[in-house]
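Let me begin by presenting the structure, written as structure tokens, before commenting on it.
Number of protein chains: 2
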Amino acid sequence: MEREHSVGLVQTQFFTFAEDEPMRLESGASLGPVTIAYETYGRLNAERSNAILIVHALSGSAHAAGYHSDDDPKPGWWDECIGPGKAFDTDRFFVICSNVIGSCYGSTGPSSINPATGRAYGLSFPVVTIGDMVRAQVKLIDHLGIDRLLCVAGGSMGGMQVLEWAAHHSTRLRAAIPLATTAHHSPMLIAFSEVGRQAIYADPAWNNGDYYGSGKKPDAGLAVARMVGHITYLSEESMHKKFGRRLRRLERYGYEFETEFEIESYLKYNGNSFTRRFDANSYLYVTKAMDYFDLSQPSGSLAASFANAEDVKFLVVSFTSDWLYPSYHSKELVSALMAVGADATYLDIQSTWGHDAFLLEVQTMTNLIGSFLERLVREERVERPLPIAPAITAPAAPARNGVTA
Amino acid sequence: MEREHSVGLVQTQFFTFAEDEPMRLESGASLGPVTIAYETYGRLNAERSNAILIVHALSGSAHAAGYHSDDDPKPGWWDECIGPGKAFDTDRFFVICSNVIGSCYGSTGPSSINPATGRAYGLSFPVVTIGDMVRAQVKLIDHLGIDRLLCVAGGSMGGMQVLEWAAHHSTRLRAAIPLATTAHHSPMLIAFSEVGRQAIYADPAWNNGDYYGSGKKPDAGLAVARMVGHITYLSEESMHKKFGRRLRRLERYGYEFETEFEIESYLKYNGNSFTRRFDANSYLYVTKAMDYFDLSQPSGSLAASFANAEDVKFLVVSFTSDWLYPSYHSKELVSALMAVGADATYLDIQSTWGHDAFLLEVQTMTNLIGSFLERLVREERVERPLPIAPAITAPAAPARNGVTA
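Line by line, the protein sequences give chains A and B. Numbering-wise, the first sequence is residues 13 to 417 according to this note's numbering. Numbering-wise, the second sequence is residues 13 to 417 according to this note's numbering.
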């Protein structure tokens with residue numbers, strides 16, 4: 013466990029709201045109570061002006077940085093960019109990451125117990141949208157006593173949440189960093205989502221979403237869904253580099269159907285390990301939320317959606333080999349931002365890593381995000397937090413959280 | 013049924029070989045007897061020099077043109093390009109199309125009865141390669157009394173067979189038309205194949221390939237495999253054009269998991285209808301054959317594989333929006349052909365239709381193939397067939413076959 017530039021030991025926290033009055037969802041349905049799992053790193057400054065919200069992609073969690081225990085083999089999912097001296101420098105910023113509703117990492121989702129029945133929601137969980145996820149995050153930010161975030165940042169589905177924040181909660185953030193994302197999910201993205209869902213439906217163990225406590229889970233279907241996803245996160249070039257046509261532990265073709273090529277083995281391993289950490293129903297709900305995402309609606313004009321975002325500063329990034337969220341999505345977004353006079357910096361980064369580049373191009377992202385935040389700090393006069401943690405308003409924050417090792 | 017430029021009523025024929033001496037496969041395994049389903053259109057000329065072999069893609073059959081009955085709702089799979097006055101002009105050429113071994117449209121494959129057991133082969137069917145498929149086609153051509161084909165043509169997996177013919181049977185053809193294909197299956201292609209296979213394995217009805225006669229078939233798994241395939245045959249742009257984010261029979265989101273977007277409905281319909289016409293085990297075998305395809309082996313040099321093909325004339329075509337078989341595959345192929353001094357014409361056609369373009373860009377393909385064949389006819393002095401059909405050597409050809417309506 014490399015701790016030198018790590019936020020160290022962290023703990024997931026929980027915030028529950030909508031206990032008396034349920035949360036009204038975009039669909040018209042109600043949900044309550046709603047629990048949000050979140051983590052924080054670094055310290056809030058006296059002006060409460062240095063908070064950055066990190067929003068995650070499809071399979072992410074609140075655990076974006078640090079370790080949950082001393083023998084934790086892996087740090088949080090964006091640890092390379094969050095920590096002392098990193099892109100999101102926890103010596104300067106108070107970084108928050110929360111798990112989206114509908115997911116399965118502590119926030120309320122289909123695997124949560126429905127208090128009305130005492131059983132897991134399953135498919136009785138209401139369909140949630142990116143807008144609903146973000147409105148739950150707004151509640152969390154309220155709870156943490158933060159009036160205005162310095163920045164909201166994330167890639168892929170995280171980028172959609174960033175854009176939702178900028179479009180519909182523009183007074184609550186100063187800057188937005190949408191990475192490798194889109195303002196409206198394309199038919200190809202919907203197609204890949206739907207194939208993943210169909211793979212889950214096709215698994216008899218799915219049982220119409222009612223499998224919790226049965227001892228069976230639709231692992232086979234979920235693994236296929238994840239394999240499809242994994243292909244789309246890579247590029248043809250990165251597959252050539254990583255796998256080529258190499259065989260696994262074989263000199264020549266076996267002329268049978270066992271896993272032979274390294275790419276097959278990689279997909280199968282990732283598909284199977286995903287079933288140990290993710291819930292199949294959450295896969296349905298979260299992909300559905302992405303499919304519904306279309307900021308150009310209801311007006312038909314993307315620029316109209318950003319009409320109130322003219323004071324938000326944007327850093328928009330796409331990657332040349334990302335064929336899932338091709339660069340033209342970001343260019344279209346930047347045009348809309350320009351149309352409303354927003355301050356937008358756009359970079360189309362040359363990379364061979366496909367969609368995964370936003371997580372893998374660490375040095376490039378560190379430089380880019382670092383200098384963008386540097387500028388924000390200067391322009392918005394963001395003070396450093398006090399060297400000793402003040403009594404921040406996050407009520408349930410355990411003492412160890414955010415303390416670097 | 014539009015018959016004006018159709019080859020009219022046709023009938024699938026069957027040729028069986030390796031009855032006494034089994035066919036030795038690339039794997040070292042043996043297979044016999046081997047039946048090849050095939051169709052022919054047009055007439056052989058007196059010199060037997062006007063025969064063109066059409067080779068099909070993953071899910072194709074011998075039925076490339078014409079109709080099987082008067083009330084047949086659909087013609088053969090490449091009917092737009094095969095017929096009187098069409099790209100493959102049946103007034104001038106004797107066109108043959110055969111179903112590959114391993115498939116399920118009349119040629120020997122995993123759903124065929126193993127004469128040794130009296131039961132369907134299932135997974136006891138040996139793994140076949142593109143090389144094996146082509147060697148079976150050579151047997152068919154021998155049987156039809158054709159010493160040298162004027163041309164072998166096909167797209168996608170058909171293109172692989174074309175290249176296999178040119179590389180390993182170069183004295184048996186004058187020209188080759190590989191379309192939207194590759195000389196070696198890339199890791200991304202293998203990845204998509206494997207996901208399709210995993211979807212089939214994941215279906216309990218697959219039962220390790222032993223489902224024939226059980227009343228159950230792995231339809232759910234095969235449908236998912238086909239849906240994945242369908243996405244890869246389209247392009248992002250063609251999906252935007254064909255489907256966009258349009259909903260099916262809905263004004264607004266339903267906030268449930270039923271099929272809502274048109275693209276979802278299209279995929280589901282195609283996935284399901286595929287299960288009524290294709291065998292899941294054949295899907296495994298045919299995709300595996302494609303995955304194994306690598307003409308640069310064993311020498312490591314693609315040019316070396318075409319060392320004997322310097323007298324073959326090539327028309328190589330790729331399509332700009334084909335991300336499954338991107339143009340650089342064809343460019344690499346053309347470089348190898350140039351290196352051995354082969355006569356190669358290459359076109360990278362601007363198209364928005366993705367991989368499917370080789371079937372959809374009918375006018376472009378008609379012009380291209382038409383003028384390439386025109387040149388061949390001139391250079392190779394290919395005579396027209398006699399106006400009245402001579403006694404051709406195709407022994408089992410029924411009288412109606414090849415007669416235009």
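Backbone N, C-alpha and C define an ideal beta-carbon position, used for all residues, glycine too. Just so it is clear, the structure is predicted and the values come from calculations on it, not from any experiment.
Could you pull the start and end residues of the alpha helix (DSSP H) that residue 275/B belongs to? Translated into the one-based positions of the second sequence, residue 275/B becomes position 263. First-last of the alpha helix (DSSP H) with residue 275/B: 274-287.
Does DSSP put residue 196/B in a helix, in a strand, or in coil? Within the second sequence, residue 196/B is the residue found at index 184, counting from 1. Strand at residue 196/B.
Report buried or exposed for residue 304/B, applying the criterion of at least 16 other Cβ atoms within 10 angstroms of its Cβ. Residue 304/B sits at position 292 when you count from the first residue of the second sequence. Buried, by the Cβ-count rule.
Cutoff 8 Å: residue 68/A Cβ touching any chain B Cβ: Numbered from its first residue, the first sequence carries residue 68/A at position 56. It does not: the Cβ of residue 68/A has no partner Cβ on chain B nearer than 8 Å.
Residues of chain A with CB under 7 Å from residue 240/B, in chain order? Counting from one through the second sequence, the residue named residue 240/B turns up at place 228. Near residue 240/B (Cβ distances below 7 Å), the residues of chain A are 207 and 240.
Rounded to whole angstroms, how far is the Cβ of residue 329/B from the Cβ of residue 170/B, which I believe are closer than 8 Å? Here residue 329/B corresponds to residue number 317 of the second sequence, with the count starting at 1. Here residue 170/B corresponds to residue number 158 of the second sequence, with the count starting at 1. That belief does not hold up - the Cβ atoms of residue 329/B and residue 170/B are roughly 12 Å apart, past 8 Å.
Quick one: which chain B residues come within Cβ less than 7 Å of residue 236/A? Looking up residue 236/A in the first sequence gives position 224. The contacting residues are 207, 210, 211, 214 and 236.
Does the beta-carbon distance from residue 327/B to residue 380/B come in below 8 Å? Residue 327/B sits at position 315 when you count from the first residue of the second sequence. Residue 380/B sits at position 368 when you count from the first residue of the second sequence. In this structure, residue 380/B lies closer than 8 Å to residue 327/B by Cβ.
Please report the straight-line C-alpha distance between residue 89/B and residue 196/B, rounded to a whole angstrom. Taking the first residue of the second sequence as position 1, residue 89/B is located at position 77. Taking the first residue of the second sequence as position 1, residue 196/B is located at position 184. Straight-line Cα distance between these residues: approximately 25 Å.
Going by C-alpha to C-alpha distance, which of 287/B, 322/B, 52/B and 47/B sits closest to residue 20/B? Taking the second sequence and counting its residues from 1, the one referred to as residue 20/B is at position 8. Ranking 287/B, 322/B, 52/B and 47/B by Cα distance to residue 20/B puts 52/B first.
Measuring CB to CB, does residue 173/B end up less than 8 Å from residue 146/B? For this step, residue 173/B is matched to residue 161 along the second sequence. For this step, residue 146/B is matched to residue 134 along the second sequence. Yes. Within cutoff.
For residue 183/A, is the classification buried or exposed, using 16 other Cβ atoms within 10 angstroms of its Cβ as the cut-off for buried? Locating residue 183/A in the first sequence gives position 171, where the first residue counts as 1. Classification of residue 183/A: exposed, given that the 10 Å Cβ count is below 16.
Give me the chain A residues within the contact set of residue 196/B, using Cβ-Cβ distance strictly less than 9 Å, ordered along the chain. For the purposes of this step, residue 196/B is taken as residue 184 along the second sequence, with counting starting at 1. Result: 257.
Could you list which residues in chain B have their beta carbon closer than 8 Å to that of residue 338/A, in chain order? Along the first sequence, read from residue 1 onward, the residue named residue 338/A stands at position 326. Ordered by position in chain B, the residues that pass the 8 Å Cβ test against residue 338/A are 248.
Residues bridged to residue 36/A by DSSP? Counting from 1 along the first sequence, the entry for residue 36/A is found at position 24. Residue 36/A pairs with 42/A.
Find the nearest neighbour of residue 133/A within the set 140/A, 368/A, 123/A and 141/A, judged by alpha-carbon distance. Within the first sequence, residue 133/A is the residue found at index 121, counting from 1. Checked all of 140/A, 368/A, 123/A and 141/A; the closest Cα to residue 133/A is 123/A.
By the three-class DSSP mapping on this structure, what secondary structure does residue 125/A have? For the purposes of this step, residue 125/A is identified with residue 113 of the first sequence, where counting begins at 1. Residue state, collapsed to three classes: strand.
Who are the near neighbours of residue 413/A in its chain, counting only those whose CB is closer than 6 Å to its CB and skipping five residues on each side? Taking the first sequence and counting its residues from 1, one reaches residue 413/A at position 401. Its pLDDT being 40, under 50, residue 413/A is placed unreliably by the model, and the measurement read from it follows with that caveat. So the list reads 22 and 23, once near-sequence residues are dropped.
Residue 28/B burial status per 10 Å Cβ neighbour count (16 or more: buried): Taking the second sequence and counting its residues from 1, one reaches residue 28/B at position 16. Exposed, by the Cβ-count rule.
Consult DSSP for residue 352/B and reduce its assignment to one of helix, strand or coil. Position 340 of the second sequence, counting from 1, holds the residue named residue 352/B. Of the three classes helix, strand and coil, the one that applies to residue 352/B here is coil, per DSSP.
Which residue from 144/B, 224/B, 168/B and 264/B puts its Cα closest to that of residue 310/A? Counted from its first residue, the first sequence places residue 310/A at position 298. Taking only the C-alpha atoms, the option nearest residue 310/A is 264/B.
What does the Cβ neighbour count give for residue 220/B, buried or exposed, with the cut at 16 atoms within 10 Å? Against the second sequence, residue 220/B aligns to sequence position 208. Residue 220/B should be labelled exposed.
Using a Cβ cut-off of 8 Å, which residues of the region 288-313 of chain A contact any Cβ in chain B, in chain order? 296, 300, 303, 304 and 306
Report the three-state DSSP secondary structure of residue 265/B (helix, strand or coil). Residue numbering aside, residue 265/B sits at position 253 when the second sequence is read from its first letter. DSSP places residue 265/B in coil when its eight states are reduced to three.
Can you round the beta-carbon distance between residue 187/A and residue 325/A to whole angstroms, since I take them to be within the 8 Å contact cut? Along the first sequence, read from residue 1 onward, the residue named residue 187/A stands at position 175. Along the first sequence, read from residue 1 onward, the residue named residue 325/A stands at position 313. Correct: roughly 4 Å between the Cβ atoms.
Residue from 144/A, 97/A and 92/A with nearest C-alpha to residue 35/A: Taking the first residue of the first sequence as position 1, residue 35/A is located at position 23. It is 144/A whose Cα lies nearest to the Cα of residue 35/A.
Closest residue to residue 392/A among 175/A, 42/A and 62/A (Cα-Cα distance): Here the question's residue 392/A lines up with position 380 in the first sequence. Cα-wise, what sits closest to residue 392/A is 62/A.
Count the other C-beta atoms from every protein chain shown that fall within 10 angstroms of the C-beta of residue 300/B, then say buried if there are 16 or more, exposed otherwise. As a first step, residue 300/B must be located in the second sequence, where it is residue number 288. Result: buried.
Starting from residue 214/B, trace the alpha helix (DSSP H) both ways and give me its first and last residue. In the second sequence, residue 214/B corresponds to position 202, counting from 1. Unbroken run through residue 214/B: none, as it is neither H nor E.
Tell me residue 23/B's beta-bridge partners as DSSP assigns them. Within the second sequence, the letter at position 11 stands for residue 23/B. DSSP lists no partner for residue 23/B.
Taking one C-beta from the region 339-353 of chain B and one from the region 311-319 of chain B each time, how about it: are there three or more such pairs within less than 8 Å? yes
Same chain only: Cβ atoms within 8 Å of residue 239/A, ignoring 5 sequence neighbours per side: Numbered from its first residue, the first sequence carries residue 239/A at position 227. Only 279, 280, 282 and 283 meet the Cβ criterion.
Residue 271/B: which of 210/A, 396/A, 189/A and 368/A sits nearest, CA to CA? Looking up residue 271/B in the second sequence gives position 259. Closest option to residue 271/B, Cα to Cα, is 210/A.
Chain-ordered chain A contacts of residue 39/B [CB-CB under 7 Å]: Looking up residue 39/B in the second sequence gives position 27. In chain order: 267.
Grouping DSSP H, G and I as helix and E and B as strand, with all else coil, what is residue 402/A? For the purposes of this step, residue 402/A is taken as residue 390 along the first sequence, with counting starting at 1. Below a pLDDT of 50, predicted positions are generally treated as unreliable, and residue 402/A, at 49, falls in that range; no measurement from the model is reported.
Name the chain B residues that come within less than 9 Å of residue 139/A, Cβ to Cβ? One-based indexing of the first sequence puts residue 139/A at position 127. Near residue 139/A (Cβ distances below 9 Å), the residues of chain B are 265, 266, 267, 268 and 269.
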